Amino acid sequence: GLFGVPELICPEGFQEAQDKALQESEQLVQKACSTPPGPETVMIFDQLSDSLCRVADLADFVKVAHPDFAFREAAEEACRNIGTVVEKLNTDVELCQSLRCLLADETVMSSLDPETRRVAELFMFDFEISGIHLDEEKRKKAVELNVRILDLCNEFLIGTHLPNKIDKHVLPEHIRYNFTAEGNYLQVAGLHADCPDDLVREAAYKIFLHSNAQQLGRLEELLASRNSLAQLVGYDTFAHRALQGTMAKNPETVRQFLEKLSEQLSKRTQKDFEMMTKMKMKLNPQNSMLMPWDHPYYSGVLRAERYNIDPGLYCPFFSLGACMEGLNSLFSQLLGISLYAEQTKRGEIWSEDVRKLAVVHETEGLLGYIYCDFFQRPDKPHQDCHFTVRGGRLKENGEYQLPVVVLMLSLPHSARGAPTLLSPGMMENLFHEMGHAMHSMLGRTRYQHVTGTRCPTDFAEVPSILMEYFANDYRVVNQFARHYKTGQPLPKNMVSRLCESKKVCAAADMQLQVFYAVLDQIYHGKHPLKKSTTEILKETQEKVYGLPYVPNTAWQLRFSHLVGYGAKYYSYLMSRAVASMVWKQCFAQNPFDRAMGERYRREMLAHGGGKEPILMVQGMLQKSPSVEDFVDALVSDLDHDFETFIMDS
């Protein structure tokens, strides 16, 4: 069966696995309600969470990645059913009461270790954000809002990807071939950001981002429903609810962080926009005003002109085998961990090119399994991501339940006779996703509820972004980057030039991310909103980003991150700031420092989400970072490396 789950030899097995989990959860609910308050209460809650997550997490992966439609459909159904049960349990008064008795018992609480205490509080938080403390009528309203929000999220998400159609006669004949024809209409399915023709990019921007009443209605209802739910369960705004327990803690800190960052970036961003404008004037003298559809294209042109980075020159040095060797060698030196290929049994994998790796520590033995689903195939989503399929936890019999994860990439299949070759971007993504996988393997918590990457969003990206710093360091790259034909190492100046090229227009790129994060905070802030979402977009774009708003466009209707990262879009920037500080302070001097690797495991990876994120950061940096420290870390990353700069000049 899939992942070695015996029921999953066929799609119908999902029903069986789900029924088994639901039966188990009913017994555990009864057990929780009849157990006197104590550490066992937390243990039972975690077992309950585990029995449901073991099916839901697995189904979450299968529904997007399995090549067989019947499997995908069965997994989708299982996700829905388990989701409904979780909603019900989160409003089960008797179940909550058993936890409340524990939290109210000061003697018992003071005898619990910090991790158990935190897990008990996190379970209580899940109850409270579902409105458990409300009277029955309001509780029912909370459940209805939750269900409605889920539906709106799905509808909005589908709407963000739908192409827009336009009568083909509206566009000049010479650019029509760029778009898919459908009778008398042209379909515009994206921004065509890399197209050298300014007119094509302009047309794509104005058509693809044209406002759509239905999608606008969905977004407005989604934001209003999120706000109603947050206020119903006792928060000022949805942002206050979403940021509880995160590194930032509250919207005020996020606002401060984004404002200070924007302030620090403004001069650099201006400079970047000036360079892009000059380039546009050079290439298109008739129309030299810089517009939003120009930014991604002209920053790419400047990068290419200044550093002439041809990915084709790098690929031969980054064969998949060499990159995996590089990761193995790095983990071995830093953490005493090795990756071994394992034979899979029949029916365990969903595609024959999936590889299974065992993660083994030199003294602790087997830590868990990583399934590598690295290659493109029809119907496979084109995103690189990490899925937890089974969380680690300490079982009742004293054994440790080993974590199982999937790393999904979209690498091209290799040409005959040649290995799979990665571009520098693909290599960096592989390191990034492997950072998540190591967090899952080493976040060996007692409780599944906080294992590995089950931690606040603004901390979850720290281990993965930190791996990007390793991937861009010559000392690390030099250990594995060899030309697959000649065995020649990748020259140092090629690595330095690659790193420097990423800094071209990086301030403007970061400013764009700040704009998205600010917009997300306003949308999830005080309601009713003072203006329409489009007017807020226009105002924020001109104030924070600096390039003019284009009339009749509504970029926010394509902002798919509003679904999964509502009020948390800032997380990526904050995680990058922490990763940057950890790199500079702990690994920049020696990226193979075993003592630092052990400190990193002990302070940051080992706790999963079982410790407050800011305390983990303090433990690693041995100081408490301020908002200013975060901002300085991000901005100093934009400075050019003097040596490379001089060599290139």
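In short: position in the sequence shown from 1, add 4, done, that's our numbering.
In this text, a Cβ means the ideal position worked out from N, Cα and C, and glycines have one as well.
Since we're looking at a predicted model, the values are computed, not measured.
A straight-line Cα-Cα distance of about 12 Å links V480 and F435. Where T88 is concerned, the enclosing alpha helix (DSSP H) starts and stops at F73 to L93. Sequence-distant Cβ neighbours of K172 in its own chain, meaning closer than 7 Å and more than five residues away, are R180, A185, N188, Y189 and L190.
Inside the region 134-212, DSSP marks whole beta strand (DSSP E) runs of 3 or more residues at positions 168-171, 184-186 and 189-192, from first to last along the chain.
Taken atom to atom, the span from the alpha-carbon of R205 to that of Q268 is near 30 Å.
For K275, the enclosing alpha helix (DSSP H) has its first and last residue at P255 to L287. If you ignore the 5 residues before and after W559, its C-beta comes within less than 7 Å of the C-beta of L213 and L541, all in its own chain and listed in chain order. Assignment of beta-bridge partners to I618 by DSSP yields no partner.
Sequence-distant Cβ neighbours of F391 in its own chain, meaning closer than 6 Å and more than five residues away, are F65 and V410. In the structure shown, G221 falls within a helical segment according to DSSP collapsed to helix, strand and coil.
Counting C-beta atoms within 10 angstroms of its own C-beta, R420 has fewer than 16 neighbours from the protein chains shown and is therefore classed as exposed. Its Cα nearest to that of Y549, the residue H299 stands out among H299, M279 and A208. Between A69 and P15, the beta carbon gap of about 14 Å keeps them out of contact (Cβ cut-off 8 Å).
When DSSP states are grouped into helix, strand and coil, K360 belongs to the strand group. Taking 8 Å as the cut-off, the Cβ atoms of S579 and D477 do not count as close. In this structure, the CA atom of F484 is about 18 Å from the CA atom of D597. Taking all protein chains shown into account, E30 has fewer than 16 neighbouring C-beta atoms within 10 Å of its C-beta and is therefore exposed. Taking a 10 Å sphere around the C-beta of L446, we find 16 or more other C-beta atoms and assign the residue as buried. Out of G325, A362 and K547, the CA that lies nearest to the CA of S342 is found in A362. Burial state of H386 is exposed, judged by a 10 Å Cβ sphere holding fewer than 16 other Cβ atoms. As a beta-bridge residue in DSSP terms, T557 pairs with H214.
With a beta-carbon spacing of about 15 Å, T424 and S355 fall beyond the 8 Å limit used to define contacts. Each residue's CA atom was taken as its position, placing S444 and D276 some 39 Å apart. Non-local C-beta neighbours of V466 in its own chain, meaning closer than 6 Å and more than five positions away in sequence, comprise S579, V582 and A583, ordered along the chain. Of the other Cβ atoms in all chains shown, fewer than 16 fall within 10 Å of the Cβ of T367; this residue is therefore exposed. By alpha-carbon distance to G340, the top candidate from C327, F321, L371 and I313 is L371. Taking a contact to require three or more Cβ pairs closer than 8 Å, the region 27-41 and the region 374-384 do not qualify as touching.
The C-beta distance from S418 to D388 rounds to 18 Å, too long to meet the 8 Å contact threshold. In chain order, I133 and G135 place their CB closer than 6 Å to the CB of V237, counting only its own chain and leaving out the 5 sequence neighbours on each side. In the three-state reduction of the DSSP assignment, M600 falls in the helix class. DSSP, read as helix, strand or coil, puts T424 in coil.
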